[in-house]
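Chemist: To start, I am sharing the structure in question, which I have written as structure tokens.
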Amino acid sequence: MRDRIARGKETAEEYLDVHRPWHKLGGRSTCTMLFGHLETPGIVSSTWATSRVQDETGGFTGFIPLPYQPDNNEIPVEHPPTGFDMLRTLAVARLYLDNFDHITAYWVGMGMKLAQVALNYGADDLHGTILEEKIFHMAGADTPNCRRKPR
Numbered sequence: 526m527r528d529r530i531a532r533g534k535e536t537a538e539e540y541l542d543v544h545r546p547w548h549k550l551g552g553r554s555t556c557t558m559l560f561g562h563l564e565t566p567g568i569v570s571s572t573w574a575t576s577r578v579q580d581e582t583g584g585f586t587g588f589i590p591l592p593y594q595p596d597n598n599e600i601p602v603e604h605p606p607t608g609f610d611m612l613r614t615l616a617v618a619r620l621y622l623d624n625f626d627h628i629t630a631y632w633v634g635m636g637m638k639l640a641q642v643a644l645n646y647g648a649d650d651l652h653g654t655i656l657e658e659k660i661f662h663m664a665g666a667d668t669p670n671c672r673r674k675p676r
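Residue numbers (the working numbering): 526 to 676.
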């Protein structure tokens, strides 16, 4: 499955193997997980491994689940993530990753209104200020790539 969604990208194990020594050197980082594409039961084992690295190092500042963007993307997905899927993923992350201080609702991937609702489903962060987001939009996101006016 990994080759279908991220050919040439590191595995979940390799991803954690980069973070572990960085954290042991005193560095801090966030942990991301793409969901809503071609999930298998492996998603649970990689999330479990993430939790174990956090137990070991305490170096993750937060967990950011990233909803798959099916539009303008080469990987066809029969059932892309719905708003309910996004909220459920955040809620489960809050319960399962109890050793993470922050669970982030990535508003660029889910839209600002759903991200606001997500604050009642386990998220406690909207991922800061983004002046202009490009990477998620290159992957097919159709949400605004920046906030036009301050709130």
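Glycine included, every Cβ here is placed at the ideal spot set by N, Cα and C.
1. Within the segment 534 to 586, note down every full beta strand (DSSP E) run reaching 3 residues or more, in order along the chain.
2. If you pair each beta-carbon of the segment 618 to 637 with each one of the segment 595 to 602, do three or more pairs fall below 8 Å?
3. Comparing alpha-carbon positions, which option in Leu563, Gly561, Trp573 lies nearest Leu541?
4. Could you pull out every unbroken alpha helix (DSSP H) segment of at least 4 residues lying fully inside the segment 596 to 650, listed in chain order?
5. On a Cα-Cα basis, can you pick out the residue from Leu622, Arg577, Leu651 that is closest to Met635?
6. Report yes if the CB atom of Pro606 is closer than 8 Å to the CB atom of Phe560, and no otherwise.
7. Quick check on Pro592: buried or exposed, where buried means 16 or more other Cβ atoms within 10 Å of its Cβ?
8. Tell me whether the beta-carbon of Thr582 lies closer than 8 Å to the beta-carbon of Lys549.
9. Alpha carbon to alpha carbon, what distance is there between Thr555 and Tyr631?
10. My assumption, with CB atoms under 8 Å, is that Arg553 sits in contact with Thr575. Please give the rounded CB distance.
11. Run the proximity test for Tyr593: is its beta-carbon closer than 7 Å to any non-hydrogen atom belonging to the ligand ZN?
12. Output the distance between the C-alpha atoms of Tyr646 and Pro595, rounded to the nearest integer angstrom.
13. Can you list, in chain order, the residues of its chain whose CB lies under 7 Å from that of Pro562, leaving out five sequence neighbours each side?
14. Using the Cβ count rule (16 or more neighbours within 10 Å means buried), how would you classify Gly551?
15. From this set, Phe588, Gln641, Leu639, Val642, which residue's C-alpha is nearest Arg619's C-alpha?
Modeler: Considering the structure as presented:
1. Runs of beta strand (DSSP E) with 3 or more residues, each lying fully within the segment 534 to 586, are found at 554 to 560, listed in chain order.
2. Because the criterion of three Cβ pairs below 8 Å is not met, the segment 618 to 637 and the segment 595 to 602 do not touch.
3. Per the Cα distances, Trp573.
4. Look at the segment 596 to 650 and you find these whole runs of alpha helix (DSSP H), each 4 residues long or longer: 608 to 621, 632 to 635, 637 to 643.
5. In terms of CA proximity to Met635, Leu651 leads the group Leu622, Arg577, Leu651.
6. Yes, these two residues count as a Cβ contact at 8 Å.
7. For Pro592, the number of other beta carbons within 10 angstroms of its own is at least 16, and it is reported as buried.
8. Their beta carbons are under 8 Å apart, which means Thr582 touches Lys549 by this criterion.
9. Cα to Cα, the separation comes out at about 12 Å.
10. The distance from the Cβ of Arg553 to that of Thr575 is about 15 Å, inconsistent with a contact at the 8 Å cut-off.
11. The ligand content of the structure shown is nil, which means the ligand ZN is not present either.
12. When rounded, the distance between both Cα atoms is 23 Å.
13. The amino acid at residue 562 is misidentified as Pro; the sequence shows His. So the qualifying residues of the chain are Ile530, Tyr593, Ile600, Val602.
14. Per the 10 Å Cβ criterion, exposed.
15. Checked all of Phe588, Gln641, Leu639, Val642; the closest Cα to Arg619 is Phe588.
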